[in-house]
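Beneath this line is the structure, given in structure tokens, with notes to follow.
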Amino acid sequence: MLRLERRPQPSRLWACATPPLAVAITMIAGTALFAALGKDPVAALRTIFWEPLFGEFAFYYRPQMLQKGAPLILIAIGLSLGFRAGIWNIGAEGQYIAGALAGAGVGLAFYPLDAWYIFPLMVAAGALGGWAWAMIPALLKIRFGTNEILVSLMLVYVAEQLLAQMSLGTLKNPEGMGFPGSRNLQDYAAAHNAEIVAGTGIHWGVVAALISVIWAHVLLQHHILGFHVRLAGQAPRAARFAGVRPSRMVLFCLGTAGALAGLAGMFEVSGPSGQIGIDFNVGYGFTAIIVAFLGRLSPLGILLAGMLMALTYIGGEIAQSDLSLPAAAIRVFQGMLLFFLLAVDLLTNYRLRPRVAEAAR
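Right under this line is the structure:
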């Protein structure tokens, strides 16, 4: 029999080994999952991880990886700051929707005006919309001591209902023949988040994601605020003695996460997605939680983890088309990654020891 023994201090070796080990175990478990569905597991894994990068149509899929990875990275960077400080924002999906609605609303308010300042205003509105949505659980936590996990999560469903109402009402395309959804922003040049270099997949959302990675790295490693974020999560009592005010930390972490999630939503609705619709949100806010932990809450790690998760999105879509894999199987495969990551991460703080039988009395 084995027992868990707490380590005197977290293992750096296991901290580094956990993500690749979790990926390896996920691939093994995925093999069993695909085999149980009657599919060739080798072909499924090859389709998911090989085809988007090196397959016949890789030139088409690689730009899509950047577009899928950018919102995941943006949202995960914001979430990671809160997670480091012990502030658990689970409602990034709602903040993503709020930012998309605010940004698209500003852009459509100017339709059909063609002016250079429309897109910058949409960027500001997207960030502000996500920030405002995140301030609801932040202020409730500060004023009434509510649990930010429950409040932020419940607000996701409120945001989804608001999205449906906007798609069927306020933002509905008056020339859409009665179909739900807004005008297509890809057809409105002033509000379109187009590729900066055609064919590369690089739009302003990708640029913002890279800037957020650099900003978070500098903040955490070279700024007193980043030190306070890390201290608040690792030693809350020491943080209070160091002058860290919990209320301000809550406002900063939730506000930053909301603003970045809102930006992700704005860049998505004005770019790859193109319009507000009932099914606009595809779960980026929840998947970004996996990305944050897979990247060890490190900005550079999140960059790599975001691209890996984008690879599973693109590869999963190819597998659905070529191998007739159900979409639910791909989501289960992605969810297993977080499950095994958290399971293996236990060994960072604990070691396995044989249980010594107690001497008979």
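Taking the working numbering, the leading residue of the sequence shown gets 964, the next gets one more, and so forth. For every residue, glycine included, the Cβ atom is placed at its ideal position computed from N, Cα and C.
Any non-hydrogen atom of the ligand MN within 7 Å of residue i CB
{"i": "A1227", "result": "No copy of the ligand MN appears in this structure; indeed no ligand is present at all."}
Length of the line joining the Cα atoms of residue i and residue j
{"i": "V1119", "j": "A1224", "result": "12 Å"}
{"i": "A1171", "j": "A1033", "result": "8 Å"}
{"i": "I1241", "j": "A1251", "result": "21 Å"}
{"i": "G993", "j": "S974", "result": "28 Å"}
{"i": "R1203", "j": "F1046", "result": "18 Å"}
{"i": "Q1128", "j": "F1249", "result": "22 Å"}
{"i": "R1314", "j": "V1307", "result": "11 Å"}
{"i": "F953", "j": "R1200", "result": "Absent from the structure is residue 953, since the part of the chain shown begins at 964 and ends at 1324."}
{"i": "R1294", "j": "G1206", "result": "43 Å"}
{"i": "R966", "j": "D1285", "result": "45 Å"}
{"i": "I1105", "j": "L1217", "result": "12 Å"}
{"i": "V1005", "j": "A978", "result": "29 Å"}
{"i": "R1316", "j": "M964", "result": "9 Å"}
{"i": "L1042", "j": "L1263", "result": "14 Å"}
{"i": "G1279", "j": "A999", "result": "17 Å"}
{"i": "G1298", "j": "D1077", "result": "43 Å"}
{"i": "Y1023", "j": "Q1030", "result": "12 Å"}
{"i": "G1221", "j": "N1136", "result": "27 Å"}
{"i": "A1322", "j": "L976", "result": "Because the pLDDT of A1322 is 46, which lies under 50, any placement of that residue in the model is unreliable, and the question is left without a value."}
{"i": "R1259", "j": "G1164", "result": "27 Å"}
{"i": "R1318", "j": "R1208", "result": "43 Å"}
{"i": "P971", "j": "H1186", "result": "28 Å"}
{"i": "L1131", "j": "I991", "result": "44 Å"}
{"i": "P983", "j": "V1114", "result": "33 Å"}
{"i": "E1138", "j": "M1272", "result": "37 Å"}
{"i": "I1174", "j": "A1292", "result": "33 Å"}
{"i": "L1084", "j": "S1261", "result": "30 Å"}
{"i": "A1021", "j": "V1086", "result": "31 Å"}
{"i": "I1159", "j": "S1210", "result": "40 Å"}
{"i": "N1016", "j": "Q1283", "result": "Note that residue 1016 corresponds to Leu in the displayed sequence, not to Asn. Spanning the two alpha carbons is a distance of roughly 17 Å."}
{"i": "R1324", "j": "L1305", "result": "For R1324, the pLDDT reaches just 48, beneath the cut-off of 50, and the residue's location in the model is therefore unreliable, leaving the point undetermined."}
Beta-carbon proximity check, residue i vs residue j, cutoff 8 Å
{"i": "I1040", "j": "Y1247", "result": "no"}
{"i": "L1257", "j": "F1012", "result": "no"}
{"i": "L1125", "j": "A1067", "result": "no"}
{"i": "A1088", "j": "A1065", "result": "yes"}
{"i": "M1028", "j": "I1277", "result": "yes"}
{"i": "A1122", "j": "I1177", "result": "no"}
{"i": "Y1074", "j": "R969", "result": "no"}
{"i": "I1326", "j": "L1103", "result": "Missing from the structure shown is residue 1326; the chain here goes from 964 to 1324 and no further."}
{"i": "Q988", "j": "F1303", "result": "For clarity, residue 988 is Ile in the given sequence; the question names Gln instead. Yes, Cβ-Cβ distance for I988 and F1303 is below 8 Å."}
{"i": "L941", "j": "A1055", "result": "An answer regarding residue 941 cannot be provided, because it is not within the stretch 964 to 1324 covered by the chain."}
{"i": "G1049", "j": "A1195", "result": "yes"}
{"i": "G1234", "j": "H1166", "result": "yes"}
{"i": "L1288", "j": "K1002", "result": "yes"}
{"i": "L1300", "j": "A995", "result": "no"}
Minimum C-alpha distance to residue i - residue among the options
{"i": "A1095", "options": "F1230, A1292, F1215, F1303", "result": "F1215"}
{"i": "V1213", "options": "R975, A1101, A1007", "result": "A1101"}
{"i": "F1296", "options": "F997, M1085, E1138, P1026", "result": "F997"}
{"i": "A1179", "options": "A1061, A1006, V1207, L1266", "result": "L1266"}
{"i": "Q1153", "options": "L984, A1072, G1196", "result": "First, the residue type needs correcting, since residue 1153 is Ala and not Gln in the sequence shown. Taking only the C-alpha atoms, the option nearest A1153 is A1072."}
{"i": "A1007", "options": "L1188, A1290, L1301", "result": "A1290"}
{"i": "Y1151", "options": "F1082, T1133, P1262", "result": "F1082"}
{"i": "T1219", "options": "L1188, A1198, S1236", "result": "L1188"}
{"i": "A1157", "options": "H1186, S1236, L1301, L1300", "result": "S1236"}
{"i": "G1057", "options": "Q972, L1173, I1112", "result": "I1112"}
{"i": "Y1080", "options": "A1292, W1051, H1155", "result": "H1155"}
{"i": "T1133", "options": "V1069, A1021, A1292", "result": "V1069"}
{"i": "Q1197", "options": "F1017, L1016, L1044", "result": "L1044"}
{"i": "N1110", "options": "I1174, L1084, W1051", "result": "W1051"}
Presumed contact (8 Å Cβ cut-off) between residue i and residue j, rounded CB distance
{"i": "I1281", "j": "E1014", "result": "5 Å"}
{"i": "L1311", "j": "T1010", "result": "Residue 1311 is actually Thr in this sequence, not Leu. Wrong, their Cβ atoms sit about 32 Å apart, outside the cutoff."}
{"i": "G1162", "j": "P1026", "result": "7 Å"}
{"i": "Q1238", "j": "V1232", "result": "7 Å"}
{"i": "L1183", "j": "R1193", "result": "7 Å"}
{"i": "G1062", "j": "G1092", "result": "5 Å"}
{"i": "G1269", "j": "I1099", "result": "The pair is not a contact, with the Cβ atoms about 26 Å apart (cut-off 8 Å)."}
{"i": "G961", "j": "F1230", "result": "Residue numbering for the chain in the displayed model covers 964 to 1324; residue 961 lies beyond these limits and cannot be assessed."}
At 4 residues or longer, and completely inside the stretch 987-1046: list those alpha helix (DSSP H) runs for me, N to C. 1004-1012, 1014-1017
Which runs of the alpha helix (DSSP H), 4 residues or longer, sit entirely within the stretch 1095-1132? 1111-1131
Segments of 4+ residues assigned as alpha helix (DSSP H) that fall wholly inside the stretch 1147-1221: 1167-1185, 1187-1197, 1199-1204
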